[in-house]
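Just so it is clear: in the sequence shown, position 49 is 48 by numbering that gives the first Met the number 0, and no numbers are missing.
For glycine and all other residues, C-beta sits at the position ideal for the given N, C-alpha and C.
Bear in mind the structure is a predicted one, so any value in this text is a computation, not a measurement.
Everything on this sheet refers to the single structure shown next.
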Amino acid sequence: MRFVALLHAVNLGKARKVNMAQLRALLGTLGLSGVQTYIQSGNALFDADPDPELGLKLETALGAHFGFSIPVTLRTADDWQQTARACPTDLLTEPVTVAFLTRQPAPDAVAALQARDVRPERWALVGQQVYQTVPEGTRNLRLSQAVLTRVLGVPCTARHWRTVQAIAEQL
């Protein structure tokens, strides 16, 4: 089965550096095949047998190899393709990011997020993804990853829409 692994918060500054060649090699030593990476932001594609512990195994290996904790969000290739098709078209009139949640948030947490005024940003929760517009750039987001994680009570990692589309083309 083909998977996409999203590493959280790597290569954003001088700390938490993950070399993509080292990442590919490490994933290969774990018995994963067809390993590819896409840009330097911690996106890995690979083939593996379905395993409910796969994410935990990756996190353990990454932490041991790179020396710091690296949360991982996994999606199957089918899930990824669905994500690439599911962005509400009214959001695509502006730059968009997708926050990939590690699990479905509770209904009361979604209601709390809906109660927040984040204008001029707009967003939509579809499955385990939050699609959001980025009218003033990612550095000025009112609905940042930290806010999403805190309000929804679910860890997440975000990718630009063009990255979502590019990975979908590689699957």
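Exposure of Gln21, with buried meaning 16 or more beta-carbon neighbours within 10 Å: exposed
When the Cα of Gly126 is compared with those of Gln103, Thr36 and Leu73, which residue comes out closest? Gln103
Going by C-alpha to C-alpha distance, which of Trp160, Ala85, Gly136 and Ala63 sits closest to Leu25? Ala63
Are Thr36 and Ala47 close, meaning C-beta to C-beta below 8 Å? no
Quick one: residues in its chain with C-beta nearer than 6 Å to the C-beta of Leu100, no 5 flanking neighbours on either side, listed in chain order? Gln127, Val153 and Cys155
Nearest to Trp122 by alpha carbon, out of Phe45, Val95 and Leu53? Val95
Are the CB atoms of Val150 and Arg115 nearer to each other than 8 Å? yes
Where does Leu55 land, buried or exposed, given buried means 16+ other C-beta within 10 angstroms? exposed
Could you please give the first and the last residue of the uninterrupted beta strand (DSSP E) stretch that includes Phe2? Arg1 to Leu6
Please work out which residues of its chain come closer than 7 Å, Cβ to Cβ, to Leu147, disregarding the five sequence neighbours upstream and downstream, and give them in chain order. Ala98, Val129 and Cys155
Compare the beta carbon distance of Ile69 and Leu6 with 8 Å and say whether it is the shorter of the two. yes
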